[in-house]
Structure formats: C-alpha cells, structure tokens
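Visitor:
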Amino acid sequence: MERRCAGALPAGRSRRRHQQALPRSLSPPDRRRAFGVSDAAERWRELNRANWDERTRIHLGPGSDYDLVSLRSGHGRLHPIEDAELGDVRGLRVLHLQCHFGADTLKLAQRGASVVGLDFSPAAVEAANKLAIELGLAGSARFVLADLYEAPTAIPEPASFDLVFVTWGATCWLPDIRRWAAIVASFLKPGGRLYYADGHPAAAVFDDDAKLADGRPGYFAPYLARQPVVIVDHRDYADPSAHLANAINVEWLHPLSDIVGGLIEAGLTLDWLHEHGQVPWRMFQTLVKKDDGDWHWPDKPWLPLALSLQATRR
C-alpha cells in the first residue's frame, strides 16, 4: 500500500468537511475542508508536493505503520486484495505511477518484475532510490521524479509496459481523470493491462461528522460535484503522533463513471471491476479491524469501501 487520500485518518479522529469558502490565509487550528475553486486549489501541485515531501520523512520514521520490516527481509507483502487479483508479475515490465517512496514498487521487484516508479515528490524519489540500493534491487527497480501529467516526457517509452500499477490514494490527487487514463493507456503495449485499486468514490461522500444515530457515517459531500476539495489537516494517516507543518492539500472526488469512462475513452477494455467491503485504512470510525489487517463494517456491509479493476489495451 502506498499513499492514501484524506479520508485516511488515525484511529479515533474524525474528518471535518465544510463547504464554505476558505479564507486566502488558510490558517485554521486543526482540520477543515472546502469545495470549489480558490487560491489554494489553483496552487494544488505546489501544496500537495510540500505535503508529500514532509509525509515521506514521517513514513520512513519509527512511528510509521508502513511495513518496512518485511520489505527489508526480502518478503514484502502486497495488500490482500492485490495479492488475490494481480497474478504473477515475474518477467513483466511494470510502471508504478505515483509510487511514493517506492515500497510497493520494490515489492513488485522482489516478485520478479522489472519496475519503473514515478512520483512528483523529490523527497520520496530520493528515499526510493536509497531503499532500492539498500535492498539490492537497483538493477530491477528505478525511480523517476516527475509530475504524473509529465510522465510521457519523463519516461519516453510509449507502449512498452506489460502492466501499469496504480493503487490506494492515487487518483484523488489529480484534477483531470481522463488525461490520467490517456497517459496510462499510452504506456501499455498491446495486451498490456492496468491494475487499479483504491478507496471507493461512493464512500467518499459520507463523513463521520454527519453520522447517524447508530454510529454509521452520514451523507455529507456531493458525489458529482467534480470540484477541488481544499483540506487542512496537520495529522498523518501513518503516524498518529506526527504533526504536519505543510498541512494544506487539494484533492478531487472522481465518480466511478469518470474513472471507467476515461479508461474506455482511452482505448482500454474493462476486463473486470470488483467492489470490496474492506479498505486498508480506517476510513470511518465505526469500522473494525479484522484478521486480514483491513478495516470492515462491524455488521452489515452498508456500502463498498474499495474498488479494484483491470483494463487491457487490445
């Protein structure tokens, strides 16, 4: 698992969202959200990069819940959903987009793939390269520093990958989902496939602060708004003791129809789409952690928490 969207909060923390305009100073005491175009939304790339540079240092620290022990032992574990669906990657050429500091990239290399990881955070790419050298994987995993939308220029290798790998809190950071889909398709050779797994966009419209009497989250955000969401949160999902100085980030909620429709428009064929009643982080406080390590609804599966899909270039 790599990065997560803002729905991922430490246990015991709610996520507040407000739909009024934020002041230009954006200096709140804790956390809030605002929908719509603003000065901060227009600076999304700059704000998000600073946020992820700082998170990288936290995620490599002693308080992080990233499992680097198994990775360093040579047996890095992918998420259970990925393990069940991805299949054998030995001998495949893989492009991992928005790879953060490369933990999952290196896990794929440990499984026999030749992997290229791309991320826009200088701190993350520097850490990924150091980790690859430490693990003796520099020959099978390399990392490129670039914004997602600059990937075709940064990696001028069109139609050359067997697999594009995109998981857990990736597309929420991108304003143009159809452009993302076109970039994914451009890298795949004929017969190559995209594997995508992430939080379900339907779950993103609910919030603990609007919770119902029985503790379930209530409706809060517009599913079809398609507007930037400015978030101010000093907390980090992987280390509850951390305090982010670069606390402002900007996200987008992309409806499922836009994700799938964008891939189809880009020339890919949808092979399958799965919805899951589990997610790798505590998306809502009513969720409970089960033996598989994921967070689930405590009783009935009220709505999907995650989705995964495979799409192939024919």
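For our numbering, add 33 to where a residue sits in the sequence shown, where the first one is 1.
Even glycine gets a Cβ: it sits at the ideal position worked out from N, Cα and C.
1. Do GLN131 and ASP98 come within 9 Å of each other at the CB atom, strictly closer than that value?
2. Are there 16 or more other CB atoms within 10 angstroms of the CB of TRP305, so buried, or fewer, so exposed?
3. Spatial neighbours of SER60 within its chain, please: CB distance less than 7 Å, with the 5 preceding and 5 following residues excluded, ordered by chain position.
4. For the structure I just gave you, are there three or more beta carbon pairs, one from the region 181 to 196 and one from the region 257 to 265, closer than 8 Å?
5. Taking DSSP as the reference, what is the three-state secondary structure of THR319?
6. For PRO334, collect the residues of the same chain with a Cβ closer than 7 Å to its Cβ; drop the 5 residues on either side in sequence, then sort them by chain order.
7. With a 10 Å radius around its C-beta and 16 neighbouring C-beta atoms as the bar for buried, classify VAL127 as buried or exposed.
8. With DSSP as the reference, label ILE281 as helix, strand or coil.
9. Once you ignore the five residues that flank LEU111 on each side, which residues in its own chain have a CB closer than 6 Å to its CB?
10. For ALA215, which residues from the same chain have a beta carbon less than 6 Å from its beta carbon, with the 5 sequence-adjacent residues on both sides left out?
11. Quick one: using the 10 Å Cβ neighbour count with 16 as the cut-off for buried, is GLY40 buried or exposed?
12. In whole angstroms, give me the CA-to-CA distance for TRP330 and LYS323.
13. From VAL158, PRO223, ASN282, pick the residue whose C-alpha is nearest to that of TRP81; which is it?
14. Taking only three categories from DSSP, how would you classify GLY294?
15. What three-state label does DSSP hand ILE188 in the structure shown?
16. I'd like the list of long-range same chain contacts for LEU296, defined as Cβ closer than 6 Å, with 5 residues on each side in sequence excluded.
17. Which residue or residues does DSSP assign as beta-bridge partners of TRP328?
18. Report yes if the CB atom of PHE176 is closer than 9 Å to the CB atom of GLY150, and no otherwise.
19. Taking Cβ positions, are ALA380 and ASP231 nearer each other than 9 Å?
20. Please name the residue, chosen from LEU119, ASP327, LEU125, THR302, that lies closest to ASP195 on a Cα-to-Cα basis.
21. When the Cα atoms are used, what is the spatial distance from ALA280 to GLU87?
22. Express the C-alpha separation of ASP180 and ALA171 in angstroms, rounding to a whole number.
23. Can you tell me whether DSSP reads ALA16 as helix, strand or coil?
24. Between ASP327 and PRO337, how many whole angstroms is the CB-CB distance? I'm expecting something under 8 Å.
25. Is ALA142 helix, strand or coil when you go by DSSP?
26. Which runs of the beta strand (DSSP E), 3 residues or longer, sit entirely within the region 99 to 138?
27. Quick one: residues in its chain with C-beta nearer than 6 Å to the C-beta of ASN16, no 5 flanking neighbours on either side, listed in chain order?
28. What residue from ASP100, VAL321, ALA136, ALA146 has the CA that sits closest to ASP121's CA?
29. Among LEU277, PRO223, TRP77, ALA142, which residue has its Cα nearest to the Cα of LEU301?
30. One question on the structure: do LEU164 and ALA192 come within less than 9 Å of each other, judged by their Cβ atoms?
31. Could you tell me which of ARG78, TRP77, GLY96, VAL321 sits nearest to ALA275, measuring between CA atoms?
32. Here's a check: name, in chain order, each residue in its chain whose Cβ is nearer than 7 Å to the Cβ of ARG249, leaving out the five neighbours to either side.
Guide: Once the coordinates are examined:
1. No.
2. TRP305 counts as exposed, since fewer than 16 other beta carbons sit within 10 angstroms of its beta carbon.
3. Residue placement at SER60 is flagged as unreliable, the pLDDT there being 39, under the threshold of 50; a coordinate-derived value is accordingly withheld.
4. Segments in contact, no.
5. In the three-state reduction of the DSSP assignment, THR319 falls in the coil class, being assigned neither a helical nor a strand state.
6. Cβ within range, chain order: GLY310.
7. Buried, by the Cβ-count rule.
8. In this structure, ILE281 counts as strand in the three-state DSSP scheme.
9. Excluding five sequence positions before and after LEU111, the CB atoms of its chain that fall closer than 6 Å to its own CB belong to LYS140, given in chain order.
10. The beta carbon of ALA215 sits closer than 6 Å to those of ALA299, all from its chain and outside the five residues before and after it, given in chain order.
11. In this prediction, GLY40 has a pLDDT of 42, which is less than 50 and means its spatial position is unreliable; what the coordinates show is noted afterwards. Label assigned to GLY40: buried.
12. Approximately 10 Å between the Cα atoms of the pair.
13. Note that residue 81 is Asn in the sequence shown here, rather than Trp. Answer by Cα proximity: ASN282.
14. In the structure shown, GLY294 sits in a helix (DSSP, three-state: H, G or I).
15. If DSSP states are grouped into helix, strand and coil, ILE188 belongs with coil.
16. Within the same chain, LEU296 has close Cβ partners ALA214, ALA344.
17. Beta-bridge partners of TRP328 (DSSP): VAL312, LYS322.
18. Taking a C-beta distance under 9 Å as the contact criterion, PHE176 and GLY150 qualify as a contact pair.
19. Because residue 380 is not part of the residues shown, which for the chain are 34 to 347, the question remains open.
20. When each option's Cα is compared against that of ASP195, the closest is LEU125.
21. Roughly 9 Å separates the two Cα atoms.
22. Note on geometry: alpha-carbon atoms of ALA171 and ASP180 lie some 22 Å from one another.
23. Because the chain here runs from 34 to 347, residue 16 falls outside it and cannot be looked at.
24. The pair is not a contact, with the Cβ atoms about 13 Å apart (cut-off 8 Å).
25. The three-state reading of DSSP puts ALA142 in helix, counting H, G and I together.
26. Correct list: 126 to 130.
27. This structure cannot speak to residue 16, because the chain is shown only from 34 to 347.
28. Selected option, being the one with the closest Cα: ALA146.
29. Nearest option by C-alpha distance: PRO223.
30. It is not a contact, given that the beta carbons lie outside the stated cut-off.
31. Checking every option, the nearest Cα to that of ALA275 belongs to GLY96.
32. These residues qualify, in order along the chain: THR319, TRP335.
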